[in-house]
Amino acid sequence: AFVRNCGATTDFSAQVDLRKAGSTMGKEGNVYRGYSSPDIELAWVSPTHLVITSGCLEVKYYVSNLHGIMIERFPRK
């Protein structure tokens, strides 16, 4: 997980990118993009189940399954 902030005229973008260890970031592994908050937390419930909790007010991109990994997202309350 990482947060992008491109300066005063743009908002925070919290993102999650899944990829094999040692590989570079690519478009395929990006599974979550939320905006308007840097708040993001990941929890691996099992080797094939990832939970994303975030305070992002707007989620523009979300993938619920990538190569057999189930991905759930929950808003922070």
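Plus 27 on top of the position in the sequence shown (first one is 1) and you've got the numbering used here.
Every residue, glycine too, gets a C-beta built ideally from N, C-alpha and C.
Only a predicted model underlies this, so the values are computations on that prediction, with no experimental measurement involved.
Would you report the Cα separation of I79 and H94, rounded to the nearest angstrom?
In this model, I79 and H94 are separated by some 17 Å (Cα to Cα).
Distance between G34 and N57 (C-alpha atoms, nearest Å):
Each residue's alpha carbon lies about 22 Å from the other.
Distance check for L84 and V72, CA to CA, integer angstroms please.
24 Å
Helix, strand or coil: which one does DSSP assign to P74?
coil
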